[in-house]
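**Student:** Each residue of the sequence shown is one higher than the last, beginning at 808 in the working numbering. Note that CB positions come from ideal geometry on N, CA and C, so glycine has one too. Before we start, here is the structure in question, set down as structure tokens.
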Amino acid sequence: MAVSTEWYTRLFGAPPVLDEDEESGAFHHAVFALGGGTMFGLHTHTGSNPDTAFDERNIGLDHVAFTCTTKELDFWKSRLDELGIAHGGIRTAAYGSGLSFRDPDNIALEFFAPPG
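Given below as structure tokens:
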């Protein structure tokens, strides 16, 4: 959790607004405020297996996409390059343009700009 929290802090350029154990002790969470009312939270649950790698082919989460403008995609590409985060480059399709990459837990992430 500490590695992911630090990684997202560098990516977003700001620390989490909340980083603490939940009152019951069932989980620890770190929550980032991304602007526009969007919150992004990381959780680790007591008794979870931290050695299990994320795999989008399993039932559940496939990936997380953050909406942005086409111009902002260029900013995010530069930001990922600056941080040394591998990515697939900006790809454009009829449904929009995206910039795909992965976090330290191998979770697939994307900055996505709808067409127009």
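1. Is there contact here, the region 847-855 with the region 883-903, by at least three beta-carbon pairs under 8 Å?
2. Measure from the alpha carbon of Gly923 to the alpha carbon of each residue in Leu868, Lys878, Asn865, then state which is nearest.
3. Report back the beta-carbon spacing between Gly750 and Thr859 to the nearest angstrom; my notes put them in contact at under 8 Å.
4. Do you know whose CA, among Gly820, Glu813, Ala809, Ser811, lies nearest Arg886's CA?
5. What are the start and end residues of the alpha helix (DSSP H) that includes Glu879?
**Tutor:** The short version:
1. no
2. To locate residue 923, count along the sequence shown from 1; it is residue 116. Gly923 has its Cα closest to that of Lys878, out of Leu868, Lys878, Asn865.
3. Shown here, the chain extends from 808 to 923; a query on residue 750 therefore has no answer.
4. By one-based count along the sequence shown, residue 886 stands at place 79. Ranking Gly820, Glu813, Ala809, Ser811 by Cα distance to Arg886 puts Gly820 first.
5. On the sequence shown, position 72 is the one that residue 879 refers to. From DSSP, the alpha helix (DSSP H) with Glu879 extends over 877-890.
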